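K.L.:
Position one of the sequence shown corresponds to residue 353 (the numbering used here), numbered consecutively onward. Heads up, the beta-carbon is just placed ideally off N, CA and C, and yes, glycines get one too. Treat the numbers as computed from the prediction; the structure is a model and nothing was measured. The structure's right below; bear with me while I get my questions together.
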Amino acid sequence: MKFLFLFIAIIAEVIATSALKASEQFSKPIPSVIVVVGYVVAFYFLSLTLKTIPVGIAYALWSGVGIVLVSAASYFLYKQTLDLPALLGIGLIIAGVIVINVFSKTAAH
């Protein structure tokens, strides 16, 4: 359940962050509601995750996977492209998430 809660937190955060641009500084009601509800859901499920996963590990996974997914969403939703250094940086983030999950004893599998 702990990784299901973390997955829900990540997806909710990605939806909220992606809707943030569409809210146009909270001037559009529907995207604005999606932002607020998405962040509430994200932080609620992240808090549930912290019962069983150390905060540093949970936040590293939440933010790392979130960065990768938000970057992909912005590419498809808003046609925002990334240059080579940005893609390399995202590759390093993915590598970091893999290292945490595969090799860290504190990841609490």
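Among Ser456, Val420, Tyr430, Ala425, which has the Cα closest to the Cα of Gly441?
P.N.:
Counted from its first residue, the sequence shown places residue 441 at position 89. The residue with the shortest Cα to Cα distance from Gly441 is Val420.
K.L.:
Mark Gly418 as exposed unless 16 or more other C-beta atoms lie within 10 angstroms of its C-beta, in which case mark it buried.
P.N.:
For the purposes of this step, residue 418 is identified with residue 66 of the sequence shown, where counting begins at 1. That one is buried.
K.L.:
Among residues of its own chain, excluding the 5 on either side of Ser384, which ones have a beta-carbon nearer than 6 angstroms to its beta-carbon?
P.N.:
Here residue 384 corresponds to residue number 32 of the sequence shown, with the count starting at 1. For Ser384, where only same-chain residues beyond five positions count, the Cβ hits under 6 angstroms are Ser375, Phe378.
K.L.:
Among the residues of its own chain, which have a CB less than 6 angstroms from the CB of Thr369, if the five just before and after it don't count?
P.N.:
Here residue 369 is taken as the residue at index 17 of the sequence shown, counted from 1. Closer than 6 angstroms at Cβ, skipping near neighbours: Val422.
K.L.:
Decide if the segment 425-442 is in contact with the segment 404-414; the criterion is three or more beta carbon pairs, one per stretch, under 8 angstroms apart.
P.N.:
no
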